[in-house]
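No gaps in the numbering here: position 8 of the sequence shown is 8 in full-length UniProt numbering, and each next residue is one more.
Using N, Cα and C, we set each Cβ at its ideal position, and we do this for glycine too.
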Amino acid sequence: MATLPLERLPTRSDSLFDPRLANFRVVLSHTQHPGNIGSTARAMMNMGLRDLALVEPERYPHPQARAQASGALVVLDEARVTKTLEEAVADCAWVVGTSARARHLGDEPLTPEAFAEQAVARAEHGRVALVFGYEQTGLTNEELDRCNAVVAIPSNPGYSSLNLAQAVQVLCYVLRRAAIAEVPRVSAKADHPWYQPPTAEQVEQFYEHLERVLLATGFLDPDNPRLLMRRLRTLFNRSQPDLNELNLLRGILTTVEKPKRRRNNADLLLPPLAEG
């Protein structure tokens, strides 16, 4: 399994790619057909994207992938192969899944245009990952839970099936168009100089910390968890805390984990209201 590399030194092939798109990563999860990996590399290079990650592909490396890449071999040669989606997006600040359906507990999917506008803005502060799932069924609910947002490509309701590489081509195109257009954006939190987004790895560490505290306090029943953690993920994905806010939340969780400190401060708590 390849690990995410350190910063690369400039190479001659750098001139083939658009520096305005350097902070975008395409992630293919559990791709079945190696030809789709090659076609994806070709679609990416057509639009000036370079960074490709592969999560547990069924057959890769494979000659068919190189044949379908049609000259975009630099994208394949630099592609990272990981065991999990978490590894593939660990250093990313915004992770967007692709799906033809809304998440069960999430917001409606973004349009390609809305996705591209937000992605270009967020790429100024950190890496953005665009995740595509298994050809037949797409991303699993668990994978979608790891995403900050979902984008869907509107298509003919009577025949909405898109080939994987076609979907990659469409979304890479709108990304390129938005990056080149440099459309003025409405001011947002991400526009402030102090803004620093957390990476996907830092967000996952927060969720692990939160779940540990909820289990320890008895709020989360391990035998009957229902959809609590998924609902909480939806809540925080919607609010999108920055790194300082995430550290504040983790500080609160750490305080809750310290029983001695809680006992020392117990006398500061107000007594329960007497029944009237």
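Nearest to residue i (by Cα), restricted to the options the options
| i | options | result |
| --- | --- | --- |
| L28 | T137, P241 and T40 | T40 |
| M45 | Q64, S160, V151 and P19 | P19 |
| S160 | A100, Q118, Y173 and A216 | A100 |
| G48 | N141, L21, L73 and V55 | L21 |
| T84 | E108, P57 and A65 | P57 |
| P154 | P109, E135 and R146 | P109 |
| L232 | E201, D145 and L248 | D145 |
| Y60 | V74, A79 and S70 | A79 |
| W194 | L214, E245 and N156 | E245 |
Opposing strand residues paired with residue i [DSSP bridges]
| i | result |
| --- | --- |
| W94 | V128 |
| V55 | S29 and T82 |
| L73 | None, per the DSSP bridge assignment. |
| F24 | V128 |
| L110 | V151 |
Residue i classed as buried or exposed, judged by whether at least 16 other C-beta atoms fall within 10 angstroms
| i | result |
| --- | --- |
| Q118 | buried |
| A178 | buried |
| S187 | Because S187 sits at a pLDDT of 44, beneath the cut-off of 50, its placement in the model cannot be relied upon, and the point is left open. |
| S112 | It should be pointed out that residue 112 corresponds to Pro in this sequence rather than to Ser. It counts as buried. |
| residue 285 | Only positions 1 to 276 of the chain appear in the structure, and residue 285 is not among them; the question remains open. |
| D51 | buried |
| residue 284 | Outside the displayed span of the chain (1 to 276) sits residue 284, for which this structure offers no information. |
| E87 | buried |
| I252 | exposed |
| A216 | exposed |
| A67 | exposed |
Integer Cβ distance of residue i from residue j, believed to fall under 8 Å
| i | j | result |
| --- | --- | --- |
| V131 | E143 | 7 Å |
| N148 | N237 | 5 Å |
| N247 | A165 | That belief does not hold up - the Cβ atoms of N247 and A165 are roughly 40 Å apart, past 8 Å. |
Contact with chain C by residue i, beta-carbon distance below 8 Å
| i | result |
| --- | --- |
| G133 | Judged by its chain identifiers, the structure shown contains no chain C, having just a single protein chain. |
Check: residue i C-beta below 7 Å from any heavy atom of the ligand NAP
| i | result |
| --- | --- |
| V96 | The ligand NAP is not among the ligands present in this structure, which contains no ligands whatsoever. |
Practice problem: Go through the segment 208-270 residue by residue and report every complete run of the alpha helix (DSSP H) that reaches 4 residues or more, in order. | Solution: With a minimum length of 4 residues, the continuous alpha helix (DSSP H) runs that stay inside the segment 208-270 are 228-239, 243-256 and 259-264.
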